[in-house]
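Student:
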Amino acid sequence: MSEGKMNFIVLTIFPEMFNSFWAHGIIRKAIELDKISVSTINIRDFAKGRHKVTDDRPYGGGCGMVMKPEPLAAAIRASVARAPYSRRILLTPQGRVFDQSVAREFASLQGLILVCGRYEGVDERICDDFIDDEISIGDYVLTGGESAAMVVIDAATRLIPGVLGGLESAEKDSFSRNLLEHAHYTRPRTFEGAEVPEVLLSGNHKEIEKWRLETSLIRTFLKRKDLMKDRSLNRREIEIMKKWCLDIEEIIHAQSVRSSDSLSGDQ
Ligand code: SAM
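1273 is the number of the first residue of the sequence shown in our numbering; add one for each residue after it.
(1) In chain order, what residues of the same chain have a beta carbon less than 8 angstroms from the beta carbon of Ser1358, not counting five sequence neighbours either side?
(2) With 16 as the cutoff for other CB atoms within 10 Å, does Gly1389 come out buried or exposed?
(3) Using CA atoms only, rank isn't needed, just tell me which of Leu1452, Arg1368, Arg1496 and Ile1361 is closest to Ile1398.
(4) Take Leu1535 and list the residues in its own chain whose beta-carbon comes closer than 7 angstroms to its own, dropping the five residues that flank it on each side.
(5) Since I believe Glu1453 is in contact with Ser1488 (beta carbons under 8 angstroms), could you give me their beta-carbon distance rounded to a whole number of angstroms?
(6) Considering only heavy atoms of the ligand SAM, does any lie closer than 7 angstroms to the CB of Ala1420?
(7) Please report the residue range of the alpha helix (DSSP H) in which Ser1373 lies.
(8) Using 10 angstroms around the beta-carbon of Val1338, count the other beta-carbons present and answer buried if the total reaches 16, otherwise exposed.
(9) From Leu1436, Pro1343 and Ile1409, pick the residue whose C-alpha is nearest to that of Val1369; which is it?
(10) May I have the straight-line CA-CA distance separating Ala1302 from Ser1309, to the nearest angstrom?
(11) Between Gly1297 and Arg1530, what straight-line distance do the alpha-carbon atoms span, to the nearest angstrom?
(12) Give me the Cβ distance between Val1387 and Gly1417, rounded to the nearest whole Å; I'm assuming they're in contact under 8 angstroms.
(13) Between which two residues does the beta strand (DSSP E) containing Leu1452 stretch?
(14) What whole-angstrom Cβ distance do Leu1363 and Ala1427 have, given they're in contact under 8 angstroms?
(15) Using CA coordinates, which residue listed in Arg1491, Gly1336 and Met1422 is at the minimum distance from His1456?
(16) How about Cys1399: is its Cβ closer than 7 angstroms to a heavy atom in the ligand COA?
(17) Closer than 8 angstroms by C-beta to Asp1328: which residues in its own chain qualify, once you throw out the five before and the five after it? Chain order, please.
(18) Just tell me which of Thr1326, His1477, Ala1346 and Glu1304 has its CA closest to the CA of Leu1436.
(19) Using 8 angstroms for Cβ pairs, my map puts Glu1479 next to Val1468. What's the rounded Cβ distance?
(20) What span of residues does the beta strand (DSSP E) with Ile1313 cover, start to end?
(21) Rounding to the nearest angstrom, what Cα-Cα distance links Gly1332 and Val1394 in this structure?
(22) Under the three-state reduction of DSSP, which class applies to Asp1502: helix, strand or coil?
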């Protein structure tokens, strides 16, 4: 394995689902640049018997099926033999919630073995003895871990240095600084009557940067105030927000003057 190359191994009963995923966009580019290597292992190949069964009924009764431990254990052992430095991840709605900081953490690792569950999930003894980390992509239940594995691989890969044009484009993304990213515009200059903000056409880079920071702050404040609470604002950002406060106070003051005028008019 070359220096800095990240190795993803996905354990699934539906490996074909990944063929298209590996073949497009940034993931394909990262493979071509030799920044990542990717492979799938079919859990069914490790199942015993003529029918290669990977699931069975739950002890204690109840509906649904559970993924049997033996094929999973054998598939994980084979993956570890291939990539011993990897972290073994189980995709599960019960895991710690995946976000940009976990993506950053994963992007710095040498390898991930991603175990995709199906049915009611995997036998608990796999979680106990064969898994280092449990990851959920959000508080909802998917039919299988494959789409969750793709989310994890996608978000981690684009943070590997050299994968995007410059790391800069990842650094300015939403969440990377606990701020949502500013708005983007491209040609045409007028689209169905809507204009591109004048400042972006000015060529004044200082003003453009100021506008971007301000729209970034406004968006975060309006859409995801929770992000701001975990962030220490710098002096420039505080100045921008203080200016909003003054503007808002001015508007409120004008309103209250107007309403007291109309009240006295009523009398
Ligand atoms: N019975 C399980 C429970 O309630 O916790 C859910 C099983 S789910 C139908 C089948 C598989 O989809 C899981 O084993 C897991 O691999 C995957 N999965 C479902 N939701 C997920 C999520 N939010 N994040 C990551 N993986 C998920």
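The C-beta atom is built at its ideal place from N, Cα and C for all residues, glycine as well.
Tutor: Walking through what the data contain:
(1) The answer, listed in chain order, is Asn1279, Ile1281, Ser1351, Val1352, Leu1381, Gln1382, Gly1383, Leu1384 and Ile1385.
(2) buried
(3) The shortest C-alpha separation from Ile1398 is found at Ile1361.
(4) none
(5) 6 angstroms
(6) yes
(7) Gln1372 to Ala1379
(8) It is buried - the Cβ of Val1338 has at least 16 other Cβ atoms within 10 Å.
(9) Of the candidates Leu1436, Pro1343 and Ile1409, the residue whose Cα lies closest to the Cα of Val1369 is Ile1409.
(10) Computed Cα separation, rounded: 8 angstroms.
(11) 56 angstroms
(12) About 7 angstroms separates the two Cβ atoms, so the contact holds.
(13) Unbroken run through Leu1452: none, as it is neither H nor E.
(14) Wrong, their Cβ atoms sit about 13 angstroms apart, outside the cutoff.
(15) Arg1491
(16) Among the ligands in the structure shown, the ligand COA does not appear; only the ligand SAM can be found there.
(17) Met1337, Val1338 and Lys1340
(18) Comparing C-alpha distances from Leu1436 to each of Thr1326, His1477, Ala1346 and Glu1304 shows the shortest one belongs to Glu1304.
(19) Between Glu1479 and Val1468, the beta carbon gap of about 14 angstroms keeps them out of contact (Cβ cut-off 8 angstroms).
(20) Ile1308 to Asn1314
(21) Here the alpha carbons of Val1394 and Gly1332 stand approximately 15 angstroms from one another.
(22) Residue state, collapsed to three classes: coil.
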